[in-house]
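**Student:** Counting from 1 along the sequence shown, just add 22 to a position and that's the residue number in my numbering.
The beta carbon of each residue, even a glycine, is placed where N, CA and C say it ideally should be.
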Amino acid sequence: MPVLTHTALFVDSNTPKVRIDDFNDKIQDKEHYKELYSFKDKKGRNLSLRGDITPQFMNLLTSYYSNKKLQSQNIYKWYTIADCWRYERPGLGRRRNHQQWNADIVGKPFTSQVLLGISDIQVEVELISMLIHFFKSVGLSYEDVVISLNHRNTIPGILALLGFSNYSTDWIYQFSKTLDKCKKIPKDEFNELLLDLKFTPDQCSELDKIIENSKTVEELEGIFNPEDIRELKQLVDLLAEKGYSNWINIDLTIVRGNDYYTGLVFECFDRNQMHSRSIAGGGRYDNYFNNCDPRLTYSAGFGMGNIAIMDLIKQKGLNVKSEQLIDVLVFTPNSTSNNCEQKLETDSDQSLLCSKNQRMCLYNLMDLLRSNDLVKALKFGDNCMAKFVLMPLLRDGNEFIVLRDMKTGLQVKKYP
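(1) Decide if the region 259-273 is in contact with the region 169-183; the criterion is three or more beta carbon pairs, one per stretch, under 8 Å apart.
(2) Assign residue 190 to one of three DSSP states: helix, strand, or coil.
(3) Comparing C-alpha positions only, which one of 397, 403 and 108 sits nearest to residue 73?
(4) If you drop the 5 nearest sequence neighbours on each side, which residues of the same chain put their C-beta closer than 6 Å to that of residue 60?
(5) May I have the straight-line CA-CA distance separating residue 221 from residue 230, to the nearest angstrom?
(6) When the Cα atoms are used, what is the spatial distance from residue 76 to residue 202?
(7) On a CA-only basis, which of 165, 68, 144 and 79 is nearest residue 290? Give me that one, please.
(8) What is the C-beta distance between residue 266 and residue 143, in whole angstroms, given that I count them as a contact (C-beta under 8 Å)?
(9) Shortest alpha-carbon distance to residue 335 belongs to which of 186, 350, 176 and 159?
(10) Short of 6 Å in beta carbon distance, which residues of its chain neighbour residue 239, apart from the five on each side in sequence? Order them along the chain.
(11) Between which two residues does the alpha helix (DSSP H) carrying residue 212 extend?
(12) Output yes or no for whether 8 Å exceeds the beta carbon distance between residue 146 and residue 286.
(13) Given a cut-off of 8 Å, decide if residue 116 and residue 329 are closer than it, judged by their beta-carbon atoms.
(14) Looking at the structure shown, is residue 102 part of a helix, part of a strand, or coil, going by DSSP?
(15) Measuring straight from C-alpha to C-alpha, what distance separates residue 207 and residue 434?
(16) Assuming contact is defined by CB atoms lying nearer than 8 Å, are residue 251 and residue 243 in contact in what I supplied?
(17) Can you tell which of 262, 339 and 320 has the C-alpha that lies nearest to the C-alpha of residue 83?
(18) DSSP beta-bridge partners for residue 417?
(19) Since I believe residue 183 is in contact with residue 103 (beta carbons under 8 Å), could you give me their beta-carbon distance rounded to a whole number of angstroms?
(20) Taking only the alpha-carbon atoms, compute the straight-line gap between residue 209 and residue 128 and give it to the nearest angstrom.
(21) Using only alpha-carbon positions, find the residue among 101, 78 and 427 that is nearest to residue 125.
(22) Could you tell me the alpha carbon to alpha carbon distance between residue 371 and residue 339, rounded to whole angstroms?
(23) Closest to residue 234 by C-alpha separation, out of 189, 396 and 205, would be which residue?
(24) Please classify residue 204: does DSSP put it in a helix, a strand, or coil?
(25) Does DSSP put residue 221 in a helix, a strand or coil?
(26) Using alpha carbons as the reference points, say which of 110, 409 and 176 lies closest to residue 237.
(27) Apply the 10 Å Cβ neighbour rule to residue 300 and answer buried if 16 or more other Cβ atoms are within range, or exposed otherwise.
(28) Between residue 213 and the rest of its own chain, which residues show a CB-CB distance below 7 Å, the 5 nearest in sequence each way excluded?
(29) Taking 6 Å as the limit between beta carbons, can you name the residues of its chain near residue 449, skipping five residues before and five after?
(30) My guess is that residue 292 and residue 167 are in contact by the Cβ rule of under 8 Å, so how many angstroms apart are they, rounded?
(31) Name the DSSP beta bridge partners of residue 173, please?
(32) At a threshold of 7 Å, does residue 118 count as lining the ligand FAD (C-beta to nearest heavy atom)?
(33) Going by C-alpha to C-alpha distance, which of 306, 199 and 424 sits closest to residue 415?
(34) Assign residue 200 to one of two classes, buried (16 or more other C-beta atoms within 10 Å of its C-beta) or exposed (fewer than that).
(35) Please name the residue in 407, 353 and 294 whose C-alpha comes closest to that of residue 162.
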């Protein structure tokens, strides 16, 4: 799909499919680890297939910092497109194997950059703008997708309004995970989870009112401490300046249940099915490094799986063409294949042929090895948007090459 790998100034970051885990009871109790495909190798090491890119990317950053590969004067931008596996029940928007696109920005602008208008919140603005650009590029608009915004600072504010003051780190983590499920599970089930956290029925009702009455910046200002919503207000204003107001809303249930998120968070949904699985999500995860340069602790990113977005594109009936990745598809059928006995019409336009002065290494070539069927080969070439299909053939003792222009359908037969 467009935009995935050609976002300006972002560098590819590769992470391994399999990782070594130091499992203990506390880790195994966490929901994320219960969804991993885990096993032991012949040496008895605990291994798991990658379930999510972000934790591995954070480990990569830690390794880079330890090896002095990160410099505080730089702002780093990475992207990743990789397979992930989760042990969960397949359903709408869910598969046990999916591809995930991540984009992350690490580093904090210097004071001089801030004076030039590059503020901390510009990181989130760039990431959300990238998502909106992607949605537009595949034919989606703000009538199809909404990006819900929140800030993790609203969680203590909500609890204070409900009368909670003394709570443990583990309890607030569980509450965050529960709040994140508010619009993703039935209301009765959500209230049961709150009751398990020692909420009273009145507190459950009050929480519902707070959520319903906190959908604009003005409403937030009447409820929360100004400092708790300062960055959220700035983000809304900056996105409005870029003309993205129709794409966004404020939703206090967006907290990104993972405990590494520390600030602004966001999720993208099908606007017409708000209770469906999110299309993409991300946020700020500052302070991930221990004893690190404070400028490098300023990190934010997002992840998008290919399943939910593909479901939405199919639902809308959009015909999305991929970028041109292959110039020439090389198809070498068996010489006895009946599918190659078609009559070829030659064309005098020599521009269809590769000039002798041009080296084939200047083109992106792909050798199709898995098919002996011409029809399937041409269909594959069309799907991958190849410009030409090149077929070296041997017939009746004569060697020749057929070059097909996939755009015009013209074919040229050339003898050596």
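**Tutor:** Based on what the coordinates show:
(1) Judged by Cβ distances under 8 Å, the region 259-273 makes contact with the region 169-183, as three or more pairs qualify.
(2) As a working mapping, residue 190 is identified with position 168 in the sequence shown. Coil.
(3) Taking the first residue of the sequence shown as position 1, residue 73 is located at position 51. Measuring from the Cα of residue 73, the nearest candidate turns out to be 108.
(4) In the sequence shown, residue 60 corresponds to position 38, counting from 1. Counting only Cβ-Cβ distances below 6 Å, and skipping sequence neighbours, we find 70.
(5) Locating residue 221 in the sequence shown gives position 199, where the first residue counts as 1. Locating residue 230 in the sequence shown gives position 208, where the first residue counts as 1. Going by the C-alpha atoms only, they are around 12 Å apart.
(6) By 1-based counting over the sequence shown, the position of residue 76 is 54. By 1-based counting over the sequence shown, the position of residue 202 is 180. The straight-line gap from Cα to Cα measures roughly 18 Å.
(7) As a first step, residue 290 is located in the sequence shown; it is residue number 268 there, counting from the start. Measuring from the Cα of residue 290, the nearest candidate turns out to be 165.
(8) For the purposes of this step, residue 266 is taken as residue 244 along the sequence shown, with counting starting at 1. For the purposes of this step, residue 143 is taken as residue 121 along the sequence shown, with counting starting at 1. Actually they are not in contact, since the Cβ atoms of residue 266 and residue 143 sit about 13 Å apart, beyond 8 Å.
(9) As a position in the sequence shown, residue 335 is number 313, starting the count at 1. Closest option to residue 335, Cα to Cα, is 159.
(10) Against the sequence shown, residue 239 aligns to sequence position 217. Here the set comprises 255 and 258.
(11) Here the question's residue 212 lines up with position 190 in the sequence shown. 209-218 is the extent of the alpha helix (DSSP H) around residue 212.
(12) Your numbering for residue 146 matches position 124 in the sequence shown. Your numbering for residue 286 matches position 264 in the sequence shown. Cβ atoms of residue 146 and residue 286: closer than 8 Å.
(13) Your numbering for residue 329 matches position 307 in the sequence shown. Your numbering for residue 116 matches position 94 in the sequence shown. Taking 8 Å as the Cβ cut-off, residue 329 and residue 116 qualify as a contacting pair.
(14) Start at 1 with the first residue of the sequence shown, and residue 102 comes out as number 80. In the structure shown, residue 102 sits in a strand (DSSP, three-state: E or B).
(15) Numbered from its first residue, the sequence shown carries residue 207 at position 185. Numbered from its first residue, the sequence shown carries residue 434 at position 412. Approximately 59 Å, taken between the alpha carbons.
(16) Counted from its first residue, the sequence shown places residue 251 at position 229. Counted from its first residue, the sequence shown places residue 243 at position 221. Cβ distance < 8 Å, so residue 251 and residue 243 count as in contact.
(17) Mapped onto the sequence shown, residue 83 falls at position 61. Among 262, 339 and 320, the Cα nearest to that of residue 83 is on 320.
(18) For the purposes of this step, residue 417 is taken as the residue at position 395 of the sequence shown. DSSP, once it has assigned bridges, lists 420 as partnering residue 417.
(19) On the sequence shown, residue 103 is found 81 positions in, with the first residue counted as 1. On the sequence shown, residue 183 is found 161 positions in, with the first residue counted as 1. Their Cβ separation, rounded to whole angstroms, is 41 Å, which puts residue 103 and residue 183 out of contact at 8 Å.
(20) To locate residue 209, count along the sequence shown from 1; it is residue 187. To locate residue 128, count along the sequence shown from 1; it is residue 106. Their Cα atoms are separated by approximately 38 Å.
(21) Residue mapping note: residue 125 aligns to position 103 of the sequence shown, counting from 1. Checking every option, the nearest Cα to that of residue 125 belongs to 101.
(22) For the purposes of this step, residue 371 is taken as residue 349 along the sequence shown, with counting starting at 1. For the purposes of this step, residue 339 is taken as residue 317 along the sequence shown, with counting starting at 1. Residue placement at residue 371 is flagged as unreliable, the pLDDT there being 33, under the threshold of 50; the coordinate-derived value follows with that caveat. In a straight line, the C-alpha of residue 371 is about 37 Å away from that of residue 339.
(23) Here the question's residue 234 lines up with position 212 in the sequence shown. Among 189, 396 and 205, the Cα nearest to that of residue 234 is on 205.
(24) Translated into the one-based positions of the sequence shown, residue 204 becomes position 182. In this structure, residue 204 counts as coil in the three-state DSSP scheme.
(25) Sequence index remark: in the sequence shown, residue 221 carries index 199 (1-based). It is coil, neither helix nor strand.
(26) To locate residue 237, count along the sequence shown from 1; it is residue 215. Checking every option, the nearest Cα to that of residue 237 belongs to 176.
(27) For the purposes of this step, residue 300 is taken as residue 278 along the sequence shown, with counting starting at 1. Classification of residue 300: buried, given that the 10 Å Cβ count is 16 or more.
(28) Residue mapping note: residue 213 aligns to position 191 of the sequence shown, counting from 1. Within the same chain, residue 213 has close Cβ partners 226.
(29) Any answer about residue 449 is impossible in this case: the structure gives the chain only from 23 up to 438.
(30) Stepping through the sequence shown from its first residue, residue 292 is reached at position 270. Stepping through the sequence shown from its first residue, residue 167 is reached at position 145. Confirmed, Cβ separation roughly 7 Å.
(31) On the sequence shown, position 151 is the one that residue 173 refers to. Partner(s): 286.
(32) In the structure shown, the ligand FAD is absent, as is every other ligand, since no ligand is present at all.
(33) Start at 1 with the first residue of the sequence shown, and residue 415 comes out as number 393. Out of 306, 199 and 424, 424 has the C-alpha closest to the C-alpha of residue 415.
(34) Counting from 1 along the sequence shown, the entry for residue 200 is found at position 178. With 16 or more other Cβ atoms within 10 Å, it is buried.
(35) Residue numbering aside, residue 162 sits at position 140 when the sequence shown is read from its first letter. Ranking 407, 353 and 294 by Cα distance to residue 162 puts 294 first.
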